[in-house]
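According to our numbering, the residues represented by the first sequence are 526 to 745, in order. For each residue, glycine too, the CB sits at the ideal point set by N, CA and C. Predicted model only: the values in this text are computed from it and were never measured.
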Amino acid sequence: MPSVQVRDTLEALEPLFSRGERELYRDREVIYYPGVTSDSLFYIESGHVKVSFLDTSGKRLVLGLRGPGDLVGEGAIMGEARRRHFVQALGDTLLVRLDRDLVTSWLRRNPEASFSFLQWLHKQRTELEDLLVDVAFRDIQSRLSRKLLQLSEEFGVPTEEGVLIGCRLTHKDLAEMIASARENTTLALNRLEQEGILDKSRYRIVVKNRESLKRKCRVG
DNA sequence: GCATTAACATGCC
DNA sequence: GGCATGTTAATGC
């Protein structure tokens, strides 16, 4: 459970989180978009956000999801002048907006917190590397399987039937997360359901058999 | 075989 | 109606 450990370490930044403005975003509401001034970091208190690039053709690539205890907009404290991504809420989402200068000066004085921030950044990077490798080498079944596994580990809610992926995702969202067409994602999901690996209904996926999913990541 | 695109059907807020 | 989902035919690599 490396993700849990990393999230726990972000608790070192907690004294900061009381020093920002709390903001509530509704489902699909845009938190920021490319080109706007990048002057704050967000801490996610509850809900989820989707970080994506939008191509001029209208196609979207979702770089990742962030959930409770995560940060978003970290480019602001790394010297980024303007936002590069779209960030949207998935379901009602409560954020704490932290001023860039406040965060940077605080991190300079708190090496422990800075280090946990680095660990968290590394986790984000690792997830992106996994996606890149999958897009280069794996088919859609494998890509989807790994993504579902990752989502269930990161945002999973235990239930009687299995692990519910606790964010409001459409097939289109999932397709944009694995760089595939929505139709193929629907087909792949239906196949996994027929094999008894998951249950699904609108906006809802329950992973019933993680071991089978893991096997699917490797083989086509 | 695997995947994309386009088109269309169905069903749920 | 608009959006999410299911399905299929045509086409490309």
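Ranked by Cα distance from Ser563, the options Phe578, Gly604 and Ser543 are led by Gly604.
The count of Cβ pairs closer than 8 Å, one atom from the segment 594-610 and one from the segment 718-735, stays below three, leaving the stretches out of contact. Pro593 sits away from His610, with the two beta carbons spaced by 9 Å or more.
The three-state secondary structure of Asp624, taken from DSSP, is strand. Of all alpha-carbon atoms in Gly681, Val576, His647 and Gln649, the one lying nearest the alpha-carbon of Val587 is that of Val576. Listed in chain order, the non-local C-beta contacts of Thr710 below 6 Å within the same chain comprise His696, Leu699 and Ala700, local neighbours out to five positions each way being set aside. Following the DSSP letters along the chain, one finds Arg729 inside the beta strand (DSSP E) bounded by residues Arg729 to Val732. Per DSSP, Lys584 lies in no beta strand (DSSP E) segment and is marked neither H nor E. By the criterion of at least three beta-carbon pairs nearer than 8 Å, the segment 620-640 is not in contact with the segment 675-687. In this structure, DSSP gives Thr710 a helical state, which the three-state scheme calls helix.
With a cutoff of 9 Å on beta-carbon distance, Leu549 and Tyr568 are scored as not near each other. At a cut-off of 4 residues, the continuous stretches assigned as alpha helix (DSSP H) that sit fully inside the segment 630-669 are 636-662. Looking at Trp645, Gln613, Arg663 and Arg735, the one whose alpha-carbon comes closest to that of Ser705 is Arg663. Under the DSSP assignment, Leu723 falls outside any alpha helix (DSSP H), being part of the beta strand (DSSP E) whose first and last residues are Leu723 to Ser726. Under the three-state reduction of DSSP, Glu548 is assigned to strand.
For Pro559, there is no enclosing alpha helix (DSSP H), since its DSSP letter is neither H nor E. In the DSSP assignment, Leu689 falls within the beta strand (DSSP E) that extends over Val688 to Ile690.
About 7 Å separates the beta carbon of Leu674 from that of Cys742, a gap short enough to meet the 8 Å contact definition.
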